[in-house]
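Since the structure comes first, as structure tokens, the remarks are kept for the end.
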Amino acid sequence: MTQEQVTVTILPVDYEIEYICRGNRVIVGPKVRKCLPNGTWTDISLQSSCLLVCPRVWTSLENGRVSVSPPGISEGTVLPPSGPPVEGTILHYSCHAGFLLEGRNSSHCTKLGKWDAPKPTCLCEYPTVLNMHRGLILYIGALFPMSGGWPGSGLPASAQYAMDLLELIHYNSMCDPGEATKLLYDLLYTEPIKIVLMPGCSGVSTIVGEAARMWNLIVLSYGSSSPALSNRQRFPTFFRTHPSATLHNPTRVQLFQKWKWTRIATIQQTTEVFTSTLDDLEQRTKEAGIEISVRQSFLTDPAVAVKNLKRQDARIIVGLFYETEARKVFCEVFKEKLYGKKYVWFLIGWYADNWFKIHDPAINCTVENMTEAVEGHVTTEIVMLNPETIKGVSNLTSQEFLEELMSRLGGKNPEETGGFQEAPLAFDAVWAMALALNKTSERLKAKGRRLEDFNYNNHDITAEIYRALNTSSFEGVSGQVVFDAQGSRMAMTLIEQLQGGTYKKIGYYDSSQKNLSWFGNDIWIGAGPPADRTVVREEYRYLSQKLFAAVSVFAGLGILLGIVCLTFNIYNSNVRYIQNSQPYLNNMTAVGCMMALAAVFPLGIDGHHVHRSQFPVVCQFRLWLLGLGFSVAYGSMFTKIWWVHTLFTKKDEKNEKKKMQLLFIYPWKLYATAGVLLAVDFLSLMIWQIVDPLHVTIEKFTKEAPKEDLDVLIQPLLEHCSSDKINTWLGVVYGYKGLLLLLGIFLAYETKSVSTEKINDHRAVGMAIYNVAVLCLITAPVTMILSSQQDASFAFAALAVVFSAYITLVVLFVPKMRRLITRGEWQSEQQDTLKTGSSTNNNDEEKSRQLERENRELQKIIQEVSSPQPLILMVNGLNLHTVASSQPMYADTGGKVSKVSCPRTQRGALRSIKSH
1 MTQEQVTVTI LPVDYEIEYI CRGNRVIVGP KVRKCLPNGT WTDISLQSSC
51 LLVCPRVWTS LENGRVSVSP PGISEGTVLP PSGPPVEGTI LHYSCHAGFL
101 LEGRNSSHCT KLGKWDAPKP TCLCEYPTVL NMHRGLILYI GALFPMSGGW
151 PGSGLPASAQ YAMDLLELIH YNSMCDPGEA TKLLYDLLYT EPIKIVLMPG
201 CSGVSTIVGE AARMWNLIVL SYGSSSPALS NRQRFPTFFR THPSATLHNP
251 TRVQLFQKWK WTRIATIQQT TEVFTSTLDD LEQRTKEAGI EISVRQSFLT
301 DPAVAVKNLK RQDARIIVGL FYETEARKVF CEVFKEKLYG KKYVWFLIGW
351 YADNWFKIHD PAINCTVENM TEAVEGHVTT EIVMLNPETI KGVSNLTSQE
401 FLEELMSRLG GKNPEETGGF QEAPLAFDAV WAMALALNKT SERLKAKGRR
451 LEDFNYNNHD ITAEIYRALN TSSFEGVSGQ VVFDAQGSRM AMTLIEQLQG
501 GTYKKIGYYD SSQKNLSWFG NDIWIGAGPP ADRTVVREEY RYLSQKLFAA
551 VSVFAGLGIL LGIVCLTFNI YNSNVRYIQN SQPYLNNMTA VGCMMALAAV
601 FPLGIDGHHV HRSQFPVVCQ FRLWLLGLGF SVAYGSMFTK IWWVHTLFTK
651 KDEKNEKKKM QLLFIYPWKL YATAGVLLAV DFLSLMIWQI VDPLHVTIEK
701 FTKEAPKEDL DVLIQPLLEH CSSDKINTWL GVVYGYKGLL LLLGIFLAYE
751 TKSVSTEKIN DHRAVGMAIY NVAVLCLITA PVTMILSSQQ DASFAFAALA
801 VVFSAYITLV VLFVPKMRRL ITRGEWQSEQ QDTLKTGSST NNNDEEKSRQ
851 LERENRELQK IIQEVSSPQP LILMVNGLNL HTVASSQPMY ADTGGKVSKV
901 SCPRTQRGAL RSIKSH
């Protein structure tokens with residue numbers, strides 16, 4: 001990218017831009033530039049470019065030197081190798097004394113990211129590696145795992161192929177540390193003297209590596225991957241051409257991140273190599289923000305460990321075990337169905353290609369079972385065969401090496417030859433040792449000493465061999481051979497996937513460069529890489545919209561009915577019959593019913609209609625509309641029934657004066673009673689919302705499997721209106737309301753036989769109280785029990801409100817409407833007194849008017865008496881009561897009370913009126 005390719009308009013001073021390259025290109029030149037006050041950028045004279053990188057193996061030469069001409073530098077200028085070799089880089093090669101350069105002495109990195117010539121080699125001028133010591137035989141003691149957990153029958157042929165003047169003495173260690181200890185002492189205490197030890201698997205290398213320093217022996221392993229072997233204090237003379245098993249872990253972490261997995265599981269065979277590898281993986285995953293949720297291990301039987309993986313929903317599983325144990329593991333995997341599109345297994349890549357098809361009497365699964373279980377698993381393995389078609393120090397390409405090895409194996413099937421994949425590592429191990437001995441021979445010759453002077457007490461020669469190995473760097477059939485400070489091989493990682501029973505290369509990873517080369521040919525059983533866990537999809541349970549719509553229609557019609565009833569009551573408030581039913585309390589009842597019906601709408605509103613942040617407002621509407629609606633409607637009815645019971649169910653006849661005074665029902669007393677009930681509810685709700693306001697809580701239910709074949713679970717959620725101490729508040733409210741309902745039922749029952757004109761609808765009020773109380777006392781506990789079932793809970797609560805409101809409105813107002821309509825009683829009191837003939841059918845009213853007229857006549861008579869005696873007279877409906885008393889007399893005529901006097905001589909007349 002050039003400066004002209006960066007297009008901007010106006011940027012502030014000190015603004016920084018950063019160049020980022022796509023793909024495998026790297027930035028050459030300034031990576032970051034800053035805007036200067038003079039309007040230019042920093043390093044304006046230097047160009048920034050994104051260039052391809054050529055393979056690094058060309059930048060080193062065994063037994064030679066490499067100089068570099070970087071791109072953009074004048075021709076003829078050479079520098080030591082530094083940084084990645086990019087397009088335009090020219091390498092110049094030359095050999096040390098005693099070596100001849102084979103190939104071109106320069107190589108140019110092209111724009112395709114490849115070198116224009118094969119890498120040259122520096123060959124020794126002598127016909128053989130140790131030609132100056134012709135006739136001298138040096139012996140290597142090898143402990144190859146020819147059988148056991150990691151068989152390697154093909155390794156001796158590979159190692160012997162690399163031998164010339166070196167004699168290989170090898171035993172079968174069976175990959176058993178105990179057996180290897182016995183064989184090690186046989187090698188050390190029998191002639192001839194071995195100059196180097198060459199163990200195979202990690203368990204054997206641990207024993208050999210620790211013991212070797214006691215005999216001043218160099219140990220060079222071709223197949224040990226245990227991370228523990230990288231400890232220089234414990235294994236001071238140990239080298240290996242097989243990289244540490246921890247080299248797999250950066251690749252694994254890179255793949256986890258590529259496929260967006262943050263949760264994995266592991267299962268391992270209980271051995272040091274796998275335990276230390278897993279410890280390193282755990283540390284790396286932790287740094288990458290990846291969780292190891294399950295870590296299982298086994299010694300010989302993996303059945304329980306596999307079952308635990310299944311039980312704990314492991315999906316991405318890293319398996320660390322030897323080949324023989326791998327067959328046991330995957331037989332159990334097949335039995336537990338821990339494979340398929342929901343699972344991915346990561347295995348070690350150095351198993352034989354047909355390891356799962358090999359007959360094993362230790363398992364009871366068929367080849368078909370095993371093939372089904374292992375399909376799609378991913379392996380990571382150190383690159384053991386050079387992918388480049390170049391000749392290395394052995395003057396062989398990797399393919400030529402394989403052809404020669406096959407001929408030495410007698411045409412055996414590589415898939416059935418144990419250790420075939422590690423054969424290039426064994427071959428390069430011998431070459432590394434031979435080259436190191438060659439360097440050591442030259443250095444010893446300069447000191448007047450010889451390699452044949454070596455014995456187990458000679459530390460100086462061992463130190464020279466150590467230095468020679470530690471500085472080794474050459475191109476082998478397995479790739480570039482270089483040892484780090486701990487004696488471990490540095491290499492790239494190959495990523496393969498089993499597709500249709502065959503391993504396919506799907507990528508490479510260079511951990512030193514953190515560069516992933518991906519081929520894009522990975523195949524999955526499902527639509528793509530599976531999820532690292534069962535995906536839990538949250539789904540809110542919402543109220544049935546059909547149910548909500550149906551109940552809302554009934555609630556809306558109920559509100560219209562309430563409006564009609566309220567309008568009727570207000571319009572006919574001057575009619576005597578309406579006046580005698582306490583119309584203002586009836587108005588309160590109608591308003592309360594409409595408020596309760598209006599509460600049905602917020603009862604049905606949930607997250608389907610409003611955002612969760614607005615849900616607390618809906619909760620407040622529910623509480624206040626329903627609470628105050630109940631208080632207004634039921635409170636007004638309770639007031640009526642309370643005063644009827646207070647006035648007309650007194651059994652004490654001793655104090656007739658008090659009883660007669662209570663017969664006067666003043667409107668303010670009724671309103672005060674209803675107001676007290678409303679104030680109690682209002683204050684309780686206000687305190688509740690101030691101390692412990694309502695908020696939204698989410699109830700979680702048991703996870704459910706979807707009907708579709710999806711790798712998900714449904715987590716049902718339900719929104720509730722709640723508070724921190726909701727049970728306490730509901731207990732107080734329900735307790736108070738419950739007592740009020742029970743008291744209302746009792747009062748309605750006690751006054752069912754009372755007949756009074758001043759509250760002429762108290763029987764209808766009692767019937768309404770019966771219905772409301774029964775519905776409320778049933779609905780409240782039922783809705784609490786069904787709170788987790790949104791449809792049932794709403795249906796019970798809403799229908800109880802609707803039925804209570806309908807019953808109350810119909811019982812209280814429809815009879816009044818029917819009476820006024822059928823009897824034509826639409827006139828006010830004044831009109832009624834002028835047109836008494838219009839109500840001839842109302843006998844009770846006619847009697848009442850006649851009694852009123854007689855009462856007025858009696859008042860005139862009483863006023864004429866000179867010494868009047870007090871008397872109380874009251875006309876109330878059709879009943880007229882008289883009591884002898886010394887108090888003034890009162891007459892009630894249509895709601896107007898007048899004070900009159902009556903002599904004792906008139907008691908007979910009064911009694912005649914009463915009988916009339």
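Residues 1 to 916, numbered by UniProt numbering, are exactly what the sequence shown covers, in order.
Using N, Cα and C, we set each Cβ at its ideal position, and we do this for glycine too.
Count the other CB atoms, across all protein chains shown, that sit within 10 Å of the CB of Ser74; report buried if there are 16 or more and exposed otherwise. For Ser74, the predicted model reports a pLDDT of 44, less than 50, meaning its position is unreliable; a value from the coordinates is still stated below. Its Cβ having fewer than 16 others within 10 Å, Ser74 is exposed.
If contact is defined by three or more beta carbon pairs under 8 Å, each pair taking one atom from either stretch, is the stretch 513-531 in contact with the stretch 549-564? By the Cβ rule, the stretch 549-564 does not count as touching the stretch 513-531, because fewer than three pairs are nearer than 8 Å.
Through-space distance from Thr40 to Val13, alpha-carbon basis: Distance between the alpha carbons of Val13 and Thr40 is about 10 Å.
Anyone know if the C-beta pair for Thr275 and Leu299 falls short of 8 Å? Contact flag unset, no.
Under 6 Å Cβ to Cβ from Ala800, same chain only, skipping five residues before and after it: list those, please. Cβ neighbours of Ala800 beyond the five flanking positions: Leu775, Thr779.
Met198 - partner residues in DSSP beta bridges: For Met198, the beta-bridge partners assigned by DSSP are Ala142.
Secondary structure, alpha helix (DSSP H): runs of 4+ residues fully inside the stretch 244-274: For the stretch 244-274, whole alpha helix (DSSP H) runs of length 4 or above, ordered along the chain, are 248-258.
Smallest Cα separation from Gln486: which of Gly501, Tyr466, Thr502, Val477? Selected option, being the one with the closest Cα: Tyr466.
Inter-residue spacing [alpha-carbon to alpha-carbon] between Ala228 and Val477: Our two residues, Ala228 and Val477, have alpha carbons roughly 26 Å apart in a direct line.
Cβ-based neighbour list, Ala748, same chain, cut-off 7 Å, excluding 5 preceding and 5 following: Take Ala748, set aside five residues on each side of it, and the residues of its chain with a beta-carbon closer than 7 Å to its own are Ile641, Gly766, Ile769, Tyr770, in chain order.
Please name the residue, chosen from Leu247, Thr251, Leu217, that lies closest to Pro236 on a Cα-to-Cα basis. Among Leu247, Thr251, Leu217, the Cα nearest to that of Pro236 is on Leu217.
Only counting runs of 3 or more residues, tell me where the beta strand (DSSP E) segments fall wholly within the stretch 22-56, in order along the chain. The stretch 22-56 is shown to contain whole beta strand (DSSP E) runs of 3 or more residues at 26-28, 32-34, 49-51, in chain order.
Alpha carbon to alpha carbon, what distance is there between Arg622 and Leu718? Distance between the alpha carbons of Leu718 and Arg622: 17 Å.
Which partner residues does Ile218 have in the DSSP bridge list? The partner list for Ile218 (beta bridge, DSSP) reads Val196.
Taking its Cβ as the centre, do 16 or more other Cβ atoms sit within 10 Å of His459, making it buried, or is it exposed? Counting the other Cβ atoms within 10 Å of the Cβ of His459 gives fewer than 16, which makes it exposed.
Beta strand (DSSP E) runs contained entirely in the stretch 355-425, provided each spans 3 or more residues: Whole beta strand (DSSP E) segments, 3+ residues: 378-382.
Around the Cβ of Glu18, are there at least 16 other Cβ atoms within 10 angstroms (buried) or fewer (exposed)? Counting Cβ neighbours within 10 Å, Glu18 comes out exposed, since fewer than 16 surround it.
Where Asp510 sits in the DSSP three-state scheme: The answer is strand: DSSP assigns Asp510 an E or B state.
Between which two residues does the beta strand (DSSP E) containing Phe330 stretch? That residue, Phe330, is in no beta strand (DSSP E); its alpha helix (DSSP H) goes 323-336.
Pairs of beta-carbons, one from the stretch 48-59 and one from the stretch 23-30, closer than 8 Å: are there three or more? Three or more Cβ pairs drawn from the stretch 48-59 and the stretch 23-30 lie within less than 8 Å of each other, which places the two stretches in contact.
What is the DSSP secondary structure of Leu543, counted as helix, strand or coil? When DSSP states are grouped into helix, strand and coil, Leu543 belongs to the coil group.
Given His645, which residues of its chain have a CB within under 7 Å of its CB, disregarding the five upstream and five downstream residues? Annotation for His645: Leu747, Glu750, Thr751 place their beta carbon closer than 7 Å to its own, counting only its chain and skipping 5 residues before and after.
Under three-state DSSP, which class holds Leu730? DSSP places Leu730 within a helical segment (H, G or I) once states are collapsed to three.
How far does the beta strand (DSSP E) with Gly476 in it extend, from its first residue to its last? Counting along the chain, the beta strand (DSSP E) containing Gly476 begins and ends at 473-476.
Sort out for me which residues DSSP pairs Gly627 with in a bridge. Note: Gly627 sits in no beta bridge, so no partner.
Going by the CB atoms, is the gap between Met384 and Glu422 shorter than 8 Å? A contact, by the Cβ cut-off of 8 Å.
Identify whether Trp115 lies in helix, strand or coil by the three-state DSSP scheme. If DSSP states are grouped into helix, strand and coil, Trp115 belongs with the strands.
Counting Cβ pairs closer than 8 Å, one from the stretch 445-458 and one from the stretch 506-514, do we hit at least three? The stretch 445-458 vs the stretch 506-514: no contact.
Do three or more CB pairs link the stretch 606-624 to the stretch 563-572 at distances below 8 Å? Not touching, per the Cβ criterion.
Thinking Leu123 and Ser106 are a contact (beta carbons under 8 Å), I'd like their distance in whole angstroms, please. With a Cβ gap of about 18 Å, Leu123 and Ser106 do not count as contacting.
So for Tyr339, helix, strand or coil by DSSP? Residue state, collapsed to three classes: coil.
Please report how far the alpha carbon of Arg408 lies from the alpha carbon of Leu402, in whole angstroms. Between the alpha carbons of Arg408 and Leu402 lies a gap of roughly 10 Å.
Consider the C-beta atom of Ala352 and the heavy atoms of the ligand ZN; say whether any pair is separated by less than 7 Å. With respect to the ligand ZN, the structure offers nothing, as it holds no ligand at all.
Can the beta-carbon of Asp43 be found less than 8 Å from the beta-carbon of Ile316? Between Asp43 and Ile316, the C-beta spacing is not below 8 Å.
Taking contact to mean 3 or more Cβ pairs, one atom from each stretch, closer than 8 Å, check whether the stretch 624-633 and the stretch 591-606 are in contact. Touching, yes, given that three or more Cβ pairs across the two stretches are closer than 8 Å.
Between Ser787 and Ser793, what straight-line distance do the alpha-carbon atoms span, to the nearest angstrom? Rounded to whole angstroms, Ser787 to Ser793 spans 6 Å at the Cα level.
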